[in-house]
Amino acid sequence: MSDAAAPGQPVLADLTTIGVGGPAVRLVEPTTGDELLAAARDAFTSDEPWFVLGGGSNLVVADDGFDGTVIRVATRGIEVLSETDDGVRIRVAAGHPWDDLVAETVARGWSGIEALSGIPGSVGASPVQNIGAYGQEVSATVVSADFLDADTLEFVRVPRANMGLAYRTSVFKAGQSHPARPGVITAVEFELHNGGGVSEPVAYAQLASALGVALGDRVPVADVRDRVLALRASKGMVLDPADADTRSCGSFFTNPIVSPEALEGVPADAPRWESSPEAQDVAVPLGELPAPPPPPAPAAVKLSAAWLIEHSGIPRGFSLPGSRAAISSKHTLAITNRGGATAAEVTELARFVQSRVASEFGVLLHPEPILLGAFL
Numbered sequence: 001m002s003d004a005a006a007p008g009q010p011v012l013a014d015l016t017t018i019g020v021g022g023p024a025v026r027l028v029e030p031t032t033g034d035e036l037l038a039a040a041r042d043a044f045t046s047d048e049p050w051f052v053l054g055g056g057s058n059l060v061v062a063d064d065g066f067d068g069t070v071i072r073v074a075t076r077g078i079e080v081l082s083e084t085d086d087g088v089r090i091r092v093a094a095g096h097p098w099d100d101l102v103a104e105t106v107a108r109g110w111s112g113i114e115a116l117s118g119i120p121g122s123v124g125a126s127p128v129q130n131i132g133a134y135g136q137e138v139s140a141t142v143v144s145a146d147f148l149d150a151d152t153l154e155f156v157r158v159p160r161a162n163m164g165l166a167y168r169t170s171v172f173k174a175g176q177s178h179p180a181r182p183g184v185i186t187a188v189e190f191e192l193h194n195g196g197g198v199s200e201p202v203a204y205a206q207l208a209s210a211l212g213v214a215l216g217d218r219v220p221v222a223d224v225r226d227r228v229l230a231l232r233a234s235k236g237m238v239l240d241p242a243d244a245d246t247r248s249c250g251s252f253f254t255n256p257i258v259s260p261e262a263l264e265g266v267p268a269d270a271p272r273w274e275s276s277p278e279a280q281d282v283a284v285p286l287g288e289l290p291a292p293p294p295p296p297a298p299a300a301v302k303l304s305a306a307w308l309i310e311h312s313g314i315p316r317g318f319s320l321p322g323s324r325a326a327i328s329s330k331h332t333l334a335i336t337n338r339g340g341a342t343a344a345e346v347t348e349l350a351r352f353v354q355s356r357v358a359s360e361f362g363v364l365l366h367p368e369p370i371l372l373g374a375f376l
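Position 121 (the sequence shown) corresponds to 121 in the UniProt record's numbering; numbering is contiguous.
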């Protein structure tokens, strides 16, 4: 496919937060659950490739575009299933904007996702990526997902135990070491606490410092939301059309989880945290499919990707000569479109970052966004 769109053909750069990507053959935008199921069944039974698009915040589309159907989920709605003095269960349409959901739960005094404020994208994408920030992950509150299976065309409710939720991944996410479960999420059910406006225990040191409290303290959920939004904005992680630093996918790399043996080339003063044994000693360069991982190590360590990038000699604001893609001037984890960048420029910079960190520390970084199109 050419990267020049034919008249009336949707350009995917316009539908992503990083603003790169060529045209799609067709775009459908269902706004109701029934429309979403019908559109998905049509796509799943056709001979053409298909892709489900939410908010476009964790996606890099190739300059050649996508030679198939893009289903842009535009459903909305929050349904309260049950509410007691202790907790509340809600079912949320997959296309509902994630931060709109967080704002609504904070307004109602519910806790559980307040530290996930400001994350762009849709509710349906939240378990796909197992989104997390500032000491919270969606895996702690998600109960189930309503799901149309692309292989069987069966409409099922997938419980949390069957989602394979791990650090920034799930069975729904393509390109992982385990088989992805193809299909479309139509709604997600969550269980939150009904604590009268009091947050979950603050579990992230930077957030605790910003709030002026100790780790483990509880504060008003509105205060957590306000502080998280301010912290994210300071890193260019809250969308602002006037700020090129926010024209990104958010964090482009996940924090690497490695075995202790892989720390040989990492300085002792590098930030690190104990982690579950999901060691990823050998990461995958962009454009290659991952090989099956080695057996989990008995222990694992999570490193700071931002620290590794900065200490490999790549400063904030860095760009390759002549490129319109650059490291954010506020945060080294984000690759930004400074205006008119191509997907090729974005991935070229990402590969450069991978090579620098690998050369300096012997650790290869994994890209966090989904890479869609010709460079896969």
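Glycine included, each C-beta is placed from N, C-alpha and C at the ideal position.
Annotated as proximal: Arg91 and Ala187, with beta-carbon spacing under 9 Å. The Cβ atoms of Leu365 and Phe190 do not sit closer than 9 Å to each other. Of the residues Val221, Ser126, Val228 and Gln136, the one whose Cα lies closest to the Cα of Ile185 is Ser126. Look at Ala325 here: in three-state DSSP terms it is strand. In the structure shown, the three-state DSSP call for His96 is coil.
Under DSSP, Ile314 takes part in no beta bridge, so it has no partner. Its Cα nearest to that of Arg218, the residue Val202 stands out among Val202, Gly212, Leu231 and Leu207. Only residues of its own chain outside the window of five on either side were considered, and among them Thr17, Pro120 and Gly121 have a CB closer than 6 Å to the CB of Ser57, listed in chain order. Taking each of Val158, Thr246, Ala150 and Trp110 in turn and checking the Cα distance to Val143, the smallest one comes out for Val158. Contact check for Thr75 and Leu36: beta-carbon distance about 6 Å, within the 8 Å limit, so the pair qualifies.
Glu200 places its beta carbon 9 Å or farther from that of Ser82.
Ranked by Cα distance from Asn255, the options Thr169, Ser328, Thr246 and Ala230 are led by Thr169. Nearest to Glu274 by alpha-carbon distance, out of Pro241, Ala300, Gly164 and Arg356, is Ala300.
Linking Ala205 to Asp42 through their CA atoms gives a straight-line distance of about 48 Å. Non-local C-beta neighbours of Asp99 in its own chain, meaning closer than 8 Å and more than five positions away in sequence, comprise Ser117, Gly118, Ile119 and Pro120, ordered along the chain. Contact check for Ala40 against Gly183 passes: the beta carbons are separated by less than 9 Å. Under DSSP, Thr336 forms a beta bridge with Ser248 and Ala326. Sequence-distant Cβ neighbours of Asp240 in its own chain, meaning closer than 6 Å and more than five residues away, are Thr246. Beta-bridge pairing by DSSP links Leu371 to Val60. Proximity of the region 9-26 to the region 128-144 falls short of the contact definition, fewer than three beta-carbon pairs being nearer than 8 Å. The C-beta of Glu345 has 16 or more other C-beta atoms within 10 Å across all chains shown, which makes the residue buried.
Between Ser248 and Ser328, the beta carbon gap of about 6 Å places them in contact (Cβ cut-off 8 Å).
For Pro159, the enclosing beta strand (DSSP E) starts and ends at Phe155 to Pro159.
Per the C-alpha coordinates, the member of Asp86, Gly95, Asp63 and Val128 positioned closest to Val73 is Gly95.
Secondary-structure assignment with DSSP links Asp146 through a beta bridge to Arg157 and Ala187. From the listed residues Thr31, Thr69, Glu360 and Asp63, the smallest Cα separation to Pro49 is found for Thr69. Per DSSP, the continuous alpha helix (DSSP H) segment holding Val353 begins and ends at Ala343 to Phe361.
Beyond the five residues adjoining it in sequence on each side, Glu360 comes within less than 6 Å, by CB distance, of Ser312 in the same chain, given in chain order. Gly68: member of the beta strand (DSSP E) spanning Phe66 to Arg72, first to last residue. For Glu79, the three-state secondary structure derived from DSSP is strand. Comparing alpha carbon positions, the residue from Asn162, Asp151 and Thr152 closest to Ala145 is Asn162.
For the options Arg181, Lys330, Trp307 and Ser251, the alpha carbon positioned closest to that of Ala268 is the one of Trp307.
For Val88, the beta-bridge partners assigned by DSSP are Glu83 and Leu192.
Of the residues Phe155, Leu192, Leu148 and Val88, the one whose Cα lies closest to the Cα of Ser139 is Leu192.
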